[in-house]
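Since the structure comes first, as structure tokens, the remarks are kept for the end.
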Amino acid sequence: DPDEGSYGKVRYSFSQISQGSRQFFTLDTETGEIRISGNLDYEESGLIEIDVQARDLGPNPIPAHCKVTVRLIDRNDNAPTIGFVSVRQGALSEAAPPGTVIALVRVTDRDSGKNGQLQCRVLGGGGGPGAVPFTLEENYDNFYTVVTDRPLDREAQDEYNVTIVARDGGNPPLNSTKSFSVRILDENDNPPRFSKNLYVLQVPENNIPGEYLGSVLAQDPDLGQNGTVSYSILPGHVGDVSIYTYVSVNPTNGAIYALRSFNYEQTKHFEFRVLAKDSGSPHRESNATVRVTVLDVNDNAPLIVLPALINDTAELQVPRNAGVGYPVGTVRALDSDFGESGRLTYEIVEGNEEHLFEMDPTSGEIRTLHPYWEELSPVAELVVKVSDHGKPSLSAVAKLIVRALAGP
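Be aware that the sequence shown starts at 35, since it is given in the working numbering, and climbs by one per residue.
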């Protein structure tokens, strides 16, 4: 104001400003400096207009007016906001195909420009090791759907914590997360699996009918009825006889029992198949082979077949003066057992106190040991014994009457 004295002294004041904006600014009445007096918020108002008037101190002053426009520059002071518009209720079947929608999400940011530009993802998504089987698909206007991105497997993981991560483009950027749980519902997608493809069971012959032979085991990782396993024997035969007359299986625990006494000499081994079936609908099944090996037991004594015996006695005739080493005869025996139980040893146990004869322990052949045996004992009564090598050993005995032939 070019006037002098009080006529030229200027004083400033707000002539028009909203009550809300007044709390953010002060005006120095003498200098006209406008200062910030409160926290400004770009999101509330990015532009504030203030009317300022100036008056001199003379009588009847004539005010002057101007408009001050304050434009706020946005600062990245708001983190993204994540909201669940809808979330799938209940459990999600593990049979759900990829692309199944489980949630609708809206993500917003009050900031503007790069500060409000958003990037969203599912934490742990992407298909790598340990990744969750979910991803985000952007729809429109910051709406996203959470969908499955690969087949689910309840047996690998039955519940997931799905976390949405939103990040803005500010410097530095701000992040927000929000989570919800997804429980996976079991489907009967696994058959029972046997611990072995082939089970080998051993049982000594002459077992007691009803004797426990061993067990098969099949496991099913599904839940409830889908994972409840029952066992049965598939139709089959041992020779011409039904397998159902040989063995049975406990349908609950897979224990296998003999239904008859086995005879090694008749049946050395046999096989059958066991079926494992779950209780799902439709059910799933698998089978395994069981081989039963019958072990030989020394249950057959040797049977002397040569020479022919009458009341366990036979007579052998040898020429006089036969000389040392003359073959008197051979004892032969049969044993139905196998292995050591069927291996035989021959020996003279009585009547050879003067050592006139010897017997080959393997072949059972008897020969003379003395050139004039007939002079010492023209009639010799030998008791021979045939023993097997089973445990315990079984044996047979026979009496052999050796006579010298009459002659010069």
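The beta carbon of each residue, even a glycine, is placed where N, CA and C say it ideally should be.
Measuring CA to CA, which of the options is closest to residue i?
i, options, result
"residue 365", "401, 374, 57", "401"
"residue 437", "392, 357, 349, 370", "349"
"residue 386", "412, 332, 373, 124", "412"
"residue 201", "133, 332, 329, 151", "151"
"residue 58", "64, 94, 79", "79"
"residue 127", "218, 120, 100", "218"
"residue 332", "118, 197, 238, 154", "238"
"residue 384", "147, 416, 191, 328", "416"
"residue 211", "353, 187, 113", "113"
"residue 248", "234, 396, 189, 209", "234"
"residue 339", "299, 314, 313, 398", "398"
"residue 443", "250, 188, 117, 279", "Residue 443 lies beyond the stretch modelled for the chain, which goes from 35 to 442, so this question has no answer here."
"residue 43", "95, 108, 70, 85", "95"
"residue 252", "263, 243, 327", "263"
"residue 409", "425, 382, 439, 430", "439"
"residue 296", "317, 316, 326, 315", "326"
"residue 330", "353, 425, 316, 204", "425"
"residue 244", "272, 284, 258, 270", "284"
"residue 250", "414, 209, 310, 197", "310"
"residue 429", "258, 64, 382, 82", "382"
Taking Cβ to Cβ, would you say residue i is nearer than 7 Å to residue j?
i, j, result
"residue 246", "residue 308", "no"
"residue 293", "residue 282", "yes"
"residue 254", "residue 220", "no"
"residue 448", "residue 138", "Any answer about residue 448 is impossible in this case: the structure gives the chain only from 35 up to 442."
"residue 378", "residue 422", "yes"
"residue 336", "residue 369", "yes"
"residue 215", "residue 195", "yes"
"residue 90", "residue 35", "yes"
"residue 225", "residue 320", "yes"
"residue 306", "residue 324", "yes"
"residue 140", "residue 117", "yes"
"residue 380", "residue 352", "no"
"residue 46", "residue 61", "yes"
"residue 66", "residue 149", "no"
"residue 102", "residue 121", "no"
"residue 142", "residue 115", "yes"
"residue 132", "residue 184", "yes"
What is the DSSP secondary structure of residue i, reduced to helix, strand or coil?
i, result
"residue 77", "coil"
"residue 107", "coil"
"residue 204", "coil"
"residue 259", "helix"
"residue 178", "strand"
"residue 298", "coil"
"residue 56", "helix"
"residue 248", "strand"
"residue 442", "Residue placement at residue 442 is flagged as unreliable, the pLDDT there being 49, under the threshold of 50; the coordinate-derived value follows with that caveat. Correct three-state label for residue 442: coil."
"residue 219", "strand"
"residue 282", "strand"
"residue 61", "strand"
"residue 149", "helix"
"residue 18", "Limits of the chain in this structure are 35 at one end and 442 at the other, which puts residue 18 out of reach."
"residue 35", "coil"
"residue 42", "helix"
"residue 415", "strand"
"residue 445", "The requested residue 445 does not occur in the structure, where the chain is confined to residues 35 to 442."
"residue 172", "strand"
"residue 340", "strand"
"residue 409", "helix"
"residue 85", "strand"
"residue 277", "helix"
In angstroms, rounded to a whole number, what distance separates the CA positions of residue i and residue j?
i, j, result
"residue 49", "residue 73", "22 Å"
"residue 289", "residue 276", "19 Å"
"residue 193", "residue 156", "16 Å"
"residue 51", "residue 77", "19 Å"
"residue 145", "residue 166", "31 Å"
"residue 442", "residue 355", "The pLDDT assigned to residue 442 is 49, lower than 50, so where the model puts this residue is not dependable, and the model offers no usable value."
"residue 182", "residue 68", "57 Å"
"residue 432", "residue 418", "5 Å"
"residue 227", "residue 173", "44 Å"
"residue 357", "residue 342", "25 Å"
"residue 393", "residue 427", "20 Å"
"residue 361", "residue 396", "15 Å"
"residue 286", "residue 119", "49 Å"
"residue 93", "residue 104", "33 Å"
"residue 301", "residue 260", "39 Å"
"residue 299", "residue 363", "30 Å"
"residue 230", "residue 322", "7 Å"
"residue 279", "residue 376", "29 Å"
"residue 389", "residue 334", "31 Å"
"residue 37", "residue 83", "30 Å"
"residue 190", "residue 154", "27 Å"
Beta-carbon of residue i versus every beta-carbon of chain B: anything under 7 Å?
i, result
"residue 60", "The structure shown contains no chain B, having only a single protein chain."
Next item on the list: Run through the region 363-397 for me and flag every whole beta strand (DSSP E) of 3 or more residues, listed as ranges in chain order.
Entry: For the region 363-397, whole beta strand (DSSP E) runs of length 3 or above, ordered along the chain, are 366-368, 378-384, 391-393.
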